[in-house]
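Each residue of the sequence shown is one higher than the one before, starting from 2 at the first, in the numbering used here.
First comes the structure, then the notes that go with it.
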Amino acid sequence: MADNIIKTLFLAFAVYVIYKLLFARKSGLILMEMHFKDGRMISHKGKIQDRFEREVRALAKKEKLTCVIRAERSGSVHLHVSANVGDNLTQQIRNLFPFEYYEKVTADNSKKVS
């Protein structure tokens, strides 16, 4: 009886560890996100620089893109573009993206206690 309980606890612990390793990937803070469908921006989140937005919209309209462009900060700023976009278009988007605009360190005053 005790052997079955120990085996069950060990199995439950092993499943928990495997789940955490596979699915509990910690992503960074999402700075901005743009969703395109058939060349039109259908939604966006976050603070997007005007020039970048104009140029990416023009590129998406020209190429009839359906994708998601996401910038997140986990230490440094990373730009993620959907996998269904070709490598040359991904590189064009990376060249347009203003990394220096998002890498500025901003003070978070929301957690200060006076």
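For each residue, glycine too, the CB sits at the ideal point set by N, CA and C.
Asked: Quick one, are the C-beta atoms of Met42 and Met33 less than 8 Å apart?; Found: no
Asked: Can you pull the DSSP bridge partners for Ala72?; Found: Met33 and Leu80
Asked: With DSSP as the reference, identify every bridge partner of Leu41, one or two as the case may be.; Found: Rather than Leu, the amino acid found at residue 41 in this sequence is Arg. Lys38, per the DSSP bridge assignment.
Asked: Would a C-beta distance cut-off of 8 Å place Val78 and Phe100 closer than the cut-off?; Found: yes
Asked: Measuring only the C-alpha atoms, how far is Ala108 from Lys8?; Found: Low confidence applies to Ala108: its pLDDT is 49, below 50, so where it sits in the model is not reliable enough to give any reading.
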